[in-house]
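Inspection log for the structure reproduced underneath, given as structure tokens.
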Amino acid sequence: MTTYSNQRQYQREPTLGELFSDLSSKASLLVRQEVALAKAEMSQKATKAGREIAIIAIGAVLAHSAFLTLVAALVFGLAEWMSLWLAAFLVGIVLAIGGGIIAWTGYQTLKRMNPAPTQTIASLEEDKEWITAQMN
Numbered sequence: 018m019t020t021y022s023n024q025r026q027y028q029r030e031p032t033l034g035e036l037f038s039d040l041s042s043k044a045s046l047l048v049r050q051e052v053a054l055a056k057a058e059m060s061q062k063a064t065k066a067g068r069e070i071a072i073i074a075i076g077a078v079l080a081h082s083a084f085l086t087l088v089a090a091l092v093f094g095l096a097e098w099m100s101l102w103l104a105a106f107l108v109g110i111v112l113a114i115g116g117g118i119i120a121w122t123g124y125q126t127l128k129r130m131n132p133a134p135t136q137t138i139a140s141l142e143e144d145k146e147w148i149t150a151q152m153n
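Counting with the working numbering, you get residues 18 to 153 for the letters of the sequence shown.
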């Protein structure tokens with residue numbers, strides 16, 4: 018009866034070709050998994066951005082209707098102290114300035130959004146280090 022230590026002596030070490038083949042297949046699997054992760058992450062970010070844009074659009078439509086009613090009331094209210102055309106002009110100028118400021122703020126917020134798949138990039142860096150370590 019052979020003991021465990023005797024059995025171990027007869028196990029053959031993998032050849033260099035087998036090691037490289039194994040490394041190649043594992044690296045290939047890793048790359049496929051990284052691509053799948055990148056796709057999932059980008060899809061998740063796009064879905065979130067789309068949902069937020071839809072919410073903004075719905076809110077904007079509702080607010081726009083209310084806003085037009087309030088603007089009309091403001092113009093007619095100011096017309097009690099000045100001519101109607103001047104009241105409408107002044108309200109229009111104030112609204113144009115306010116709208117420009119709000120639009121610029123929204124643009125800056127969207128510009129700061131990072132669409133890059135940051136988790137995938139970090140994971141790829143780790144994979145690169147792992148593959149480099151395996152090659153040495």
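Even glycine gets a Cβ: it sits at the ideal position worked out from N, Cα and C.
Item: Mark Pro31 as exposed unless 16 or more other C-beta atoms lie within 10 angstroms of its C-beta, in which case mark it buried.; Value: exposed
Item: Can you tell me whether Gln28 is helix, strand or coil according to DSSP?; Value: coil
Item: On a CA-only basis, which of Gln28, Leu33, Arg29 is nearest Asn153? Give me that one, please.; Value: Leu33
Item: Quick one: which unbroken alpha helix (DSSP H) runs of 4-plus residues sit fully inside the region 25-102? Chain order, please.; Value: 33-95
Item: Who are the Cβ neighbours of Val108 in its own chain at under 8 Å, not counting the five residues just before and after it?; Value: Val88, Leu91, Val92, Leu95
Item: Quick one, are the C-beta atoms of Pro134 and Glu58 less than 8 Å apart?; Value: yes
Item: What does a CB cutoff of less than 7 Å around Ala44 pick up in its chain, not counting 5 residues either side in sequence?; Value: Ile148
Item: Using DSSP with H/G/I as helix, E/B as strand and the rest coil, what is Ala133?; Value: coil
Item: Measuring only the C-alpha atoms, how far is Gly76 from Thr122?; Value: 17 Å
Item: Which residue from Leu101, Ile70, Ser38 puts its Cα closest to that of Tyr124?; Value: Ile70
Item: Out of Ala66, Ser82, Ala150, Gly115, state which residue places its alpha-carbon closest to the alpha-carbon of Met130.; Value: Ala66
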